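Listed in order, the protein sequences are those of chains A and B. Everything in the first sequence is counted per the numbering used here, starting at 2 for the first residue and increasing by one. Everything in the second sequence is counted per the numbering used here, starting at 150 for the first residue and increasing by one. For every residue, glycine included, the Cβ atom is placed at its ideal position computed from N, Cα and C. Given the structure is predicted, the values throughout are model-derived calculations rather than measurements.
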Amino acid sequence: MKNFIACCSTVLILCLHVLSASAQQKKISGRVFDDQSKPLPGASVSIKDTKAGTATDADGRFTLNAPPEGKVLVVTYLGMLKKEIVLDGQASYTVNLQASPNSLNNVVIVGYGAVKKSDVTGSVATLKGSELNKTTASSVDQLLQGKVAGVQVTTGGGQPGSGATIRIRGASSLNGSKDPLLVVDGYPWGDAGNLKQINPDDIESIEVLKDASSAAIYGSRGANGVIVVTTRKGRTGQSRISFSTLETISFRANKPDIWQDPVDDATYSNEAAITGGAIPADVPYIGIYRPVGDGFVYFPSIAELRGLDPNKPKWPTNTDWVKLVYRNPLSQNYTLTADGGSEKTKYAISGNYYKEQGTVIKNNYEKYTSRLNLDQKLTKAITAGANVILAYTKNNGQQLGVSRSRIFPVYDSTGNYFRTSATDFGNPIALANQLLNTTKTVDILGNVYVNAKITDWLSFRTSLNSKFGNSVQDQYDPKNSTQRALDNKGSYGSIGNSNYSDLLTENYFTATKKFGEHDITAVAGYSYQKTSNRFSTLVGQNFVNDVLQNENLSTAGTMLISNDLQRYGLSSWYGRGNYAFKDRYLITFTGRADGSTKFGSNNKWAFFPSGAIAWKMSEEDFIKDLGVFSELKLRGSYGLTGNQGISPYQTLDRYGSNKYYTGTTFQTGFGPGLAGDNDEQGRTIVEGLGNNSLKWETTRSLDVGVDVGFFDQRLTLTADYYIKRTNDLLRLKTIAPSAGFDRQWINDGEVENRGVELGINAEIINSKDLNWSVGGNFTLNRNKVLAMGESNQVFIGSLYESVRQQISTYTVGQPMFSFYGYKTAGIIQTLDEGIAAGLTGVDAQPGEIKYLDISGPSGKPDGVVDSYDRTIIGNPNPDFFYSFNTNLKYKQFDLSLQLYGVKGDDLWDFQKMTPSRWMQRWTLDNPSKEYPRANATRGYRASDFYITDGSFLRIQNVTVGYNLKTSGTQAVQSLRIFLSGNNLYTFTKFNKGFDPEVGESGINSGAYPRPRSVSLGLNIIF
Amino acid sequence: MTTMKKKFFIKCTAVALVLVMAGSSCSKMKEDPYGMINSKTFYKTADDARAAIIYAYSILPEVGYYSRGYYIVTELPTENLTQKGDAGVGNLELDELRTTSTNSDLDNIWTYMYRGVARANAVIANVPNIPGMVESERNQITGEGYFLRALHFFNLVRMFGEVPLRTSTIEDASQIPMAKSPIKDIYDQIISDLQKADELLTTERISEGRANRPAVEGLLAKVYLHLASSKAYNSPGYDFVASADDYYAQAKLYAGKVINGQSTFNFTESLPDIFAIDVYKKAAVTEHIFDAAVDRSGDREGSFSKLPNMFLPADRPMTILYNQLDPSSAQINIGQGWGHFRTENAVYSSYNDVDRRKTQLIVSSYTNGGITYQLDITSSSRPFTRKFIDPDRIGDASSANSPIIRYSDILLVYAEACGPTTDGYAAVNKIRNRAAIGDLNPSLDVTSFRNAVIQERAWELAFEGNRLFDLRRTNSMEAVLVKKYGKTITSGAYFFPIPQRELDTNPLIK
């Protein structure tokens, strides 16, 4: 008791001492915000070189007494860059912390667990949700472009609601899926590409598992890499409501290259018809009536168009289709979020409304998503939680063309849509107003989990996850409105239903134990996932009239029904062990055994092991002594991953069915040979021969990498080199047609990807009022087909009517998607030149394209241009792609910029001959060496005439923001206003009328224009 | 064991049990196909047998076979048809007789014929084993299977010569490699199949689009005639035939059974009636012994036909007289097509000007909106055959069947097999008189008579896919196409090259 009193008095005296000292101290207060301008609770605040220190409260506020010798305020928070502020006599400070992508204490989410960034042994890239550009994006996939080295994101155009193609370290499958696996909050959802169900604002972080060591835990689905999305959760000790809006206006980024003057259009068309051998009456613009349906259409003469015909008035029509079809629409995005938590309960609730309007009239996309995330500590050892996502989307309309002739009007004299022939289906206004094309989808995703801490080193987690979704597509093409209507006996109405359900149970143990200098973490578990996808399509052909559209399909002249169900299951055992010695030598072993229903009875189960080692050299004294590196880590990994991306039932024999007319009715037959897709010639491809031995593709990957950090991680660099070889390729083998089948899934062939990835980040200035950082990444990938069984070359993709062949190939020794065709050397100037080149007939005429004779049946030029002269003429895979970004913050203002570039990809430009180029066409007076003469019946050959360099550098995003922080007493805690410009400018030598980003296979067929957009955003936190 | 450890052990055991239970239930990972019949579930009942033969027939009107492909392959090489300018290299090679193994049209028809073989094989292999069937129906269906297999192989051997002779069903990829068989073996199989079919089939017509005994006998007559004439004219590849005369006799025998031995099919007096859908589909007695049957109510090309579009010019919807020689006959609207096929001047100008097969069956002018348009044989929109039209077509969907065995064809087979006999003259003159070109010179020797019948076939059966085989079996590809019509033949005169896809994927074929 005496001791106690003594003790108390000592404390009291000490306290008094402190109090007396405080008389000379200065009281300072302030608030700390994160990079989202959200108040940051629990940040530690101290005065450099003194003992004064505190932590921020739930509102991010702090108060502290600064000793007189204190000069610098230091604020730190896990995962944020340390901030030092020189005290300048103010009483209140607002401190903005920047997320540090490079902090070694950051936690990286990997499959079935999380590790400290410094302990990662594989190749894993992390992207914080806050680093995503603020722009209209229906799915987060598009926003990954240029953000992560080794991840190539391409979008095929700018249609609202469209997804993106994602390739991690190149494409490595010929016919199987090439998409990475998408995992959301631990739940493998399937192929990445259109993650529309998650609002990008709800994303905490995205991890990309690139090498075998990190992806092998996903076994037979890991070969294309894995994208792990983690959604925001509530945090203990705060409760806040935030609201954000984004109002976007979109513009056309590329000016359509169309005929500007009807006279030029008509002159060209006439010239093309005459050159093409049309009989005089078939030359289009000669001032005659032509029959269309029951009436006639008058085609003016060129003199009339010019106003030079003395007997006719000047042709009055000059329709501006661009003005009629395009618009500069407004799009909206609103998100309301409430999150927070106590010791026991954490919650996050959010709702989002998203509306994106296309740059084409009557084309839009709407989305409603909401999310509830709840965690409850049930007992000291047991935590349970649930996550529910609801998403509803609605897609309406379609792309419309603007290249229609200006000579003709929108409507004819009777008010009907104008047509130049009975099969003229090109009037865009007619299509926009007449066609019904809407798709509505509902997705419900949820999981519940229980996490039990069995002992202080061992825990068990079990979760039940489910996904359910439904989509309905309504379509109606009125009488004779489209080719499809005509093909369907006049009019076409349909309802397409698809729904899917997916159930996953996931159970695993995690053990973490430290024995002296040995650290061990182990994960082991079992999962079972069951998926079923169900489709039905109801089609009606030949309706009496167009009143009901597709509302009552049973009134159709002919009804067609089809339905299908695909179901498959995946049963898996998996485990991972991490071992660290002295926190500097790290070893990881990962393995997964997958049993899949999709594979043949001889090969149901597969095992995918991987291993990785890392050496944190910066922990070694001899490196520490150098005083240069804040981080220096060498990594190496090798392992196997798989790809099972094929449809179910491919191992079983399957019969087809067909109908035959027997006088009064059609009867149905069954038998061997299952008609599948149509090939490029419209012929059905017959499959159905089983293969008991079918199995997964195996990818062997080697990765070596280094992570280097300088100046307390203010400058960091990550570099990786990898070789990925995929064999047992799931391939549709062409089988002898005399067997009655066209192809069969087999495993053979090999593809290689090798490449280099570099990522660099530098915090150049980090002071109180000014922050400046720059970063960039660079990816170089070389893809090569090494073997394809019996074939040296297979053609892939569509058959293009204009060149009557497929143009893309898989060719042994060449990158995937290589273009195949003739070589050309400009334009033929004289008939002799054409004949000397090995061309005949019309092809040899001056003004035609000069194809080259480079080979023949004996492998040598034979004086004839024929199919032997075709060769590889282009590679749509880029030499490399890169991205640069910079962030500048000054006081309340911030500015960021992102550039994205692709270099050295060859594009096949089917839109090459735009009107502005036809204006420069070869004529006797203008012997062009670049553009051929007008010839309506030219049989274009697939050739390098179409090949154009697709390199570009794009100003992807520029954002300017203003952040207002209140003292915290008002209802509004913080506010941010920003202006974000997306796709602002593209530097390229590609065809000016089009965007050079045309999709993975590099073919420009005139996609939906990618808009340039400017968004005004507002974030408020209450 | 301490309490703590015990508790831990129990917890772990419980969890492990859950896992094992979850795991064991799905470790076999079996799957059953949904919505698809397969070898385990089919060929069990009489209805299955009926469905099996329907499936075998349904290959015939497919796009790649009698709805388009057959006419591309058999008509373009002759003096009958050429094609529009942008029809593609496959058409062009056929038209110019310079086919290569990569020709897509040959690949196409090869594929469809062998799909037909596979389906027929499935009928022949499985229907005899189905329990509980009425014997007559089993025979009927099995016989139709033999007939169809024979038809496909007759087409294959006439187009390609030596080909793999597949007579069993494919259950496993290991059965795929197969060598070519000699032409003789293929004909032995065809004749054997047709003779079996002749025994098994009934004479009564089952329905439109299905074969009966006259179809079998008509086909058998054509097979024997092909063998006989190939031998007689020294056509390449047919040295194996022992005696032309024996086979002429067989051809005469079987054609005679069709001409004289049945009443289900007969001669149609009016040429437009032969190709009037309502007549040949509905009349009790027709010329159409065996057709690839289609109907415009079908749901896709293959169940309806777009073949008329291949012939009809593309300019504008056309109205013609049902009987072009009779101004009072009905006006029929036949729509417009794609102008894919273009009639060659060679065949057009070979007709006598009064030949009704020209005046009634070739359209040289039409009306649209009261205006009459003339078709010019040298322009892009040329006179065209009206053998394939459907005045009631719905959009592109027509009910125009593709005739495979027609009474007039067998009548001319009979004439040719008979030679310059009374019966032979009677048969050929019946055809000539319908065409209003009078009797054939009554004093021809055997060869001249047969040549005259073959010329008659050229006129009578033009555009129906017979001419190429008539030229081949009479060894007259050069004599007619090169010497008479000025074509050049670079390759594929008597046998087309086997498609590259087959060569690449069938290791035993070389």
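Verify the CB distance criterion: does residue i have a CB-CB separation below 9 angstroms to chain D?
| i | result |
| --- | --- |
| aspartate 654 (chain A) | This model lacks chain D altogether; the protein chains it does include are A and B. |
May I ask you to report which of helix, strand or coil DSSP gives residue i?
| i | result |
| --- | --- |
| glutamine 542 (chain A) | strand |
| alanine 346 (chain B) | helix |
| methionine 626 (chain B) | helix |
| glutamine 377 (chain A) | strand |
| phenylalanine 309 (chain B) | helix |
| phenylalanine 416 (chain B) | coil |
| proline 363 (chain B) | helix |
| serine 897 (chain A) | strand |
| threonine 596 (chain B) | helix |
| glycine 494 (chain A) | strand |
| glutamate 565 (chain B) | helix |
For residue i versus residue j, is the C-beta distance shorter than 9 angstroms?
| i | j | result |
| --- | --- | --- |
| tyrosine 1 (chain A) | phenylalanine 671 (chain A) | As displayed, chain A neither begins before 2 nor continues past 1023, which places residue 1 (chain A) out of reach and without an answer. |
| arginine 307 (chain B) | valine 266 (chain B) | no |
| tyrosine 113 (chain A) | tyrosine 509 (chain A) | yes |
| glycine 706 (chain A) | glycine 689 (chain A) | no |
| arginine 445 (chain B) | aspartate 539 (chain B) | yes |
| glutamate 248 (chain A) | serine 163 (chain A) | no |
| aspartate 801 (chain A) | arginine 755 (chain A) | First, the residue type needs correcting, since residue 801 (chain A) is tyrosine and not aspartate in the sequence shown. Contact: no. |
| valine 562 (chain B) | lysine 371 (chain B) | yes |
| threonine 717 (chain A) | phenylalanine 711 (chain A) | yes |
| glycine 750 (chain A) | alanine 788 (chain A) | yes |
| valine 443 (chain A) | glycine 470 (chain A) | yes |
Should residue i be labelled buried (16 or more other beta-carbon atoms within 10 Å of its own) or exposed?
| i | result |
| --- | --- |
| serine 1002 (chain A) | buried |
| aspartate 541 (chain B) | exposed |
| leucine 657 (chain B) | exposed |
| asparagine 553 (chain A) | exposed |
| glutamate 518 (chain A) | exposed |
| aspartate 1 (chain A) | Since the first and last residues shown for chain A are 2 and 1023, residue 1 (chain A) lies out of range. |
| alanine 22 (chain A) | Since pLDDT at alanine 22 (chain A) reaches only 43, below the 50 mark, its modelled position is unreliable, and no value is offered. |
| threonine 122 (chain A) | buried |
| tryptophan 322 (chain A) | buried |
| threonine 276 (chain A) | buried |
| threonine 439 (chain A) | exposed |
| glutamate 698 (chain A) | buried |
Whole runs of the alpha helix (DSSP H) within the region 241–297 of chain A, excluding any shorter than 4 residues: 263–276
The region 958–975 of chain A / the region 818–825 of chain A touching (three or more Cβ pairs under 8 angstroms): no
Cβ contact (3+ pairs, closer than 8 angstroms) linking the region 475–490 of chain B and the region 567–575 of chain A: no
Inside the region 296–363 of chain A only - alpha helix (DSSP H) runs reaching at least 4 residues: 303–307, 322–326
Runs of beta strand (DSSP E) lying entirely within the region 128–196 of chain A, each at least 3 residues, in chain order: 152–155, 166–169, 182–185, 188–192
Touching by the beta-carbon criterion (3+ pairs, under 8 angstroms), the region 281–289 of chain A and the region 322–329 of chain A: no
The region 216–229 of chain A / the region 602–617 of chain A touching (three or more Cβ pairs under 8 angstroms): yes
At least three beta-carbon pairs within less than 8 angstroms, the region 442–461 of chain B to the region 561–572 of chain B: no
Inter-stretch contact at 8 angstroms, needing at least 3 Cβ pairs: the region 267–282 of chain B / the region 194–208 of chain B: yes
Start-end ranges of the alpha helix (DSSP H) lying completely within the region 361–441 of chain A, minimum 4 residues: 429–435
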